[in-house]
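S.K.:
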Amino acid sequence: MQQLGLESEDDYLERLRGAAPHIVEAELRNLLNLVTVTETCFFRDASQFRLLREHIIPTLMSERTARGDRTRTIRIWSAGCSSGEEAYSIAITLEEMGAYKAYAGWKIEIIGTDLNTRALEKARRGVYSPRAVRNVEGRLLDMYFVRQGRNVALTDEIKRRVEFEFGNLTQTPMPSTGPQDIIFCKNVAIYFRTDVTRKLVTGLHGTLATGGYLLLGHAESLWQMSEGFSLVEHERAFCYRKGPQATQNAAQYVVPGFSRTVPSRTVPGRTVTQPKVRPETVITIEATTRYDACLAAFRAGDWDAAESALAALVAACPTFVPALLLLGGLYAHRGRFDEAMCQAESVLKLSDLEPRAHLLLGMIAARQQRAEDALQSLRRALYLDDSLALAHFWLGNLYRDRGDVMRACHEYENVVRDWEHHTLELTEEFASDLTAEQIVGFCSHSLERLQTVNGER
Numbered sequence: 001m002q003q004l005g006l007e008s009e010d011d012y013l014e015r016l017r018g019a020a021p022h023i024v025e026a027e028l029r030n031l032l033n034l035v036t037v038t039e040t041c042f043f044r045d046a047s048q049f050r051l052l053r054e055h056i057i058p059t060l061m062s063e064r065t066a067r068g069d070r071t072r073t074i075r076i077w078s079a080g081c082s083s084g085e086e087a088y089s090i091a092i093t094l095e096e097m098g099a100y101k102a103y104a105g106w107k108i109e110i111i112g113t114d115l116n117t118r119a120l121e122k123a124r125r126g127v128y129s130p131r132a133v134r135n136v137e138g139r140l141l142d143m144y145f146v147r148q149g150r151n152v153a154l155t156d157e158i159k160r161r162v163e164f165e166f167g168n169l170t171q172t173p174m175p176s177t178g179p180q181d182i183i184f185c186k187n188v189a190i191y192f193r194t195d196v197t198r199k200l201v202t203g204l205h206g207t208l209a210t211g212g213y214l215l216l217g218h219a220e221s222l223w224q225m226s227e228g229f230s231l232v233e234h235e236r237a238f239c240y241r242k243g244p245q246a247t248q249n250a251a252q253y254v255v256p257g258f259s260r261t262v263p264s265r266t267v268p269g270r271t272v273t274q275p276k277v278r279p280e281t282v283i284t285i286e287a288t289t290r291y292d293a294c295l296a297a298f299r300a301g302d303w304d305a306a307e308s309a310l311a312a313l314v315a316a317c318p319t320f321v322p323a324l325l326l327l328g329g330l331y332a333h334r335g336r337f338d339e340a341m342c343q344a345e346s347v348l349k350l351s352d353l354e355p356r357a358h359l360l361l362g363m364i365a366a367r368q369q370r371a372e373d374a375l376q377s378l379r380r381a382l383y384l385d386d387s388l389a390l391a392h393f394w395l396g397n398l399y400r401d402r403g404d405v406m407r408a409c410h411e412y413e414n415v416v417r418d419w420e421h422h423t424l425e426l427t428e429e430f431a432s433d434l435t436a437e438q439i440v441g442f443c444s445h446s447l448e449r450l451q452t453v454n455g456e457r
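Sequential numbering from 1 applies to the sequence shown in my numbering.
#1: Rounded to whole angstroms, what's the CA-CA distance from Ala104 to Leu13? Just pull it up for me.
#2: By the three-class DSSP mapping on this structure, what secondary structure does Asn151 have?
#3: Cα separation between Leu325 and Met341?
#4: Which residues bound the beta strand (DSSP E) around Val343?
#5: Considering only DSSP beta bridges, list what Trp77 is partnered with.
#6: Report the rounded CA-to-CA distance for Thr113 versus Glu420, giving the unit in angstroms.
#7: What would DSSP say about Val405, mapped onto helix, strand or coil?
#8: Indicate whether Val10 and His218 have their beta-carbon atoms separated by less than 8 Å.
#9: Which partner residues does Val146 have in the DSSP bridge list?
#10: Does the Cβ of Asp181 have 16 or more other Cβ atoms within 10 Å, making it buried, or fewer, making it exposed?
#11: Which class does Ser62 belong to by DSSP, given the choice of helix, strand or coil?
#12: Is it buried or exposed, Asn397, if we count other Cβ atoms within 10 angstroms and call 16 or more buried?
#13: Bridge partners of Ala241, per DSSP?
#14: My understanding is that Tyr213 touches Cys239, with C-beta atoms under 8 Å, so please give their C-beta distance in whole angstroms.
#15: According to DSSP, Tyr88 sits in a beta bridge with which residue or residues?
#16: Leaving aside the five residues before and after Val146 along the sequence, list all residues of the same chain whose C-beta is less than 6 Å from its C-beta, in chain order.
#17: Examine the ligand SAH and report whether any of its heavy atoms sits within less than 7 Å of the Cβ of Arg356.
#18: Suppose you measure from the CA of Glu165 to the CA of Glu109; what does that come to, to the nearest Å?
#19: Quick one: using the 10 Å Cβ neighbour count with 16 as the cut-off for buried, is Ala20 buried or exposed?
#20: Bridge partners of Phe166, per DSSP?
#21: In terms of residues, what are the limits of the alpha helix (DSSP H) holding Leu326?
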């Protein structure tokens, strides 16, 4: 309104009412550019890209080949793609697994849609900050990016793999390329009312080809939203599939030169071992200074530097609880859950009354769909510290998925109340996927949805 020289919302609405349709549409797009959330990064939730590589693509190719599919096309849609990090992560994953060469006779289409035109322009440019590529290992940075000052730019080869177009999920869900085989729609529905979410899910279901896959954010669920999907699990990663039940094991159709194995960042043959704990270690001022530097690197998105420095710090000071927890949180963000649990368990060996260690174990269990373990750990965390907003948030999600509306509402209300009272604090080393505003928005929408469902009973 300041840009237009208007004093009130009424003046703004009146201006729109009297404007031509094309002016209204242009103004709406300008408004959306200002209010939509565009924060994201490459390879956000590594377990889903592992699922794409090890299970989804092999399964689709196996089934299509077995039935003699003549279209020989796989379509992948990044819905709500923001500035393109997710769509390009998909392209890099396919490149790494050898899909483009192994399936040379196939056409693999990747499209990203968003309603933020500025974000789409950035996606087409393909230039990103260090924070956006914090999850990208060094080898992939060297192969698929080139340096541009402090930033990095994608190679033309990867950029050519992806198309971007404007799309509003609440109006015209299907992209111009037609029915999709795989849809990534992560952390989008958390902003919508219940009725809008149902409409979105219905649209996504209609857009998916039979047997197609839907991947949501790890805090999102189709509970009370749709019965047209079955839950698929592979190596503790999860997604939804439309139509016939997916088999637990992908058919054994393998093309020479094609690899399902995810490149490991650990030494081949190396096992994850429990760190030794030496209770007599003294925490020095030097150690706290080193920890502050690790935390600064973590906040800046330089996760490789943070991990390297934290590993050295933990080796030198294995009883330094904040460092153990930060390293555990970092491992969890990168999908390395076994290593993350080792750090949490090391903390509990020092003190089984450390609530954040129980919180970390509970969050990991929830993401791995180990509901009972998650409930137990999260309840312990809240027993020791009932101000842990993330524990309330994850408990609410677990109760919601079990159909326990009363308990779910109670947990979500705790988060919203703390936010309203300005007392909400996130355990930052465990909360990089979602901001406080996003979590509160998700809890508010979930409360509305649950209360609506409860009122219909």
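Beta carbons: idealized from backbone N, C-alpha and C, even for Gly.
M.R.: If we stick to the structure as given:
#1: Walking along the sequence shown from the start, residue 104 turns up at place 104. Walking along the sequence shown from the start, residue 13 turns up at place 13. In a straight line, the C-alpha of Ala104 is about 53 Å away from that of Leu13.
#2: The residue given as residue 151 occupies position 151 in the sequence shown. If DSSP states are grouped into helix, strand and coil, Asn151 belongs with the strands.
#3: Mapped onto the sequence shown, residue 325 falls at position 325. Mapped onto the sequence shown, residue 341 falls at position 341. Cα-Cα distance, rounded: 10 Å.
#4: As a position in the sequence shown, residue 343 is number 343, starting the count at 1. Correcting the residue identity first, residue 343 is Gln in this sequence and not Val. That residue, Gln343, is in no beta strand (DSSP E); its alpha helix (DSSP H) goes Phe337 to Leu350.
#5: Position 77 of the sequence shown holds residue 77. Trp77 is bridged to Ile111 and Ile183.
#6: In the sequence shown, residue 113 corresponds to position 113, counting from 1. In the sequence shown, residue 420 corresponds to position 420, counting from 1. Straight-line Cα distance between these residues: approximately 34 Å.
#7: The residue given as residue 405 occupies position 405 in the sequence shown. Three-state DSSP puts Val405 in a helix.
#8: On the sequence shown, position 10 is the one that residue 10 refers to. On the sequence shown, position 218 is the one that residue 218 refers to. A small correction: the amino acid at residue 10 is Asp; Val does not occupy that position in the sequence shown. In this structure, His218 does not lie closer than 8 Å to Asp10 by Cβ.
#9: Locating residue 146 in the sequence shown gives position 146, where the first residue counts as 1. In DSSP, Val146 forms a bridge with Ala153.
#10: Mapped onto the sequence shown, residue 181 falls at position 181. That one is buried.
#11: Position 62 of the sequence shown, counted from the first residue, corresponds to residue 62. The answer is helix: DSSP assigns Ser62 an H, G or I state.
#12: By one-based count along the sequence shown, residue 397 stands at place 397. Counting Cβ neighbours within 10 Å, Asn397 comes out buried, since at least 16 surround it.
#13: Taking the sequence shown and counting its residues from 1, one reaches residue 241 at position 241. This sequence places Arg at residue 241; Ala is not what is there. Tyr213 and Ser230, per the DSSP bridge assignment.
#14: Residue numbering aside, residue 213 sits at position 213 when the sequence shown is read from its first letter. Residue numbering aside, residue 239 sits at position 239 when the sequence shown is read from its first letter. With a Cβ gap of about 5 Å, Tyr213 and Cys239 count as contacting.
#15: Reading the sequence shown from its first residue, position 88 is the one you call residue 88. Paired residue(s): none; Tyr88 is not in a bridge.
#16: As a first step, residue 146 must be located in the sequence shown, where it is residue number 146. Excluding positions up to five away in sequence, the list reads Ala153.
#17: In the structure on display, the ligand SAH does not appear, and there are no ligands present to speak of.
#18: As a working mapping, residue 165 is identified with position 165 in the sequence shown. As a working mapping, residue 109 is identified with position 109 in the sequence shown. Each residue's alpha carbon lies about 13 Å from the other.
#19: Taking the first residue of the sequence shown as 1, we reach residue 20 at position 20. Looking at its Cβ environment, which holds fewer than 16 other Cβ atoms inside 10 Å, Ala20 is exposed.
#20: Here residue 166 is taken as the residue at index 166 of the sequence shown, counted from 1. Looking at the DSSP assignment, Phe166 forms a beta bridge with Asp114.
#21: To locate residue 326, count along the sequence shown from 1; it is residue 326. Looking at the DSSP string, the run of the alpha helix (DSSP H) that includes Leu326 is Val321 to His333.
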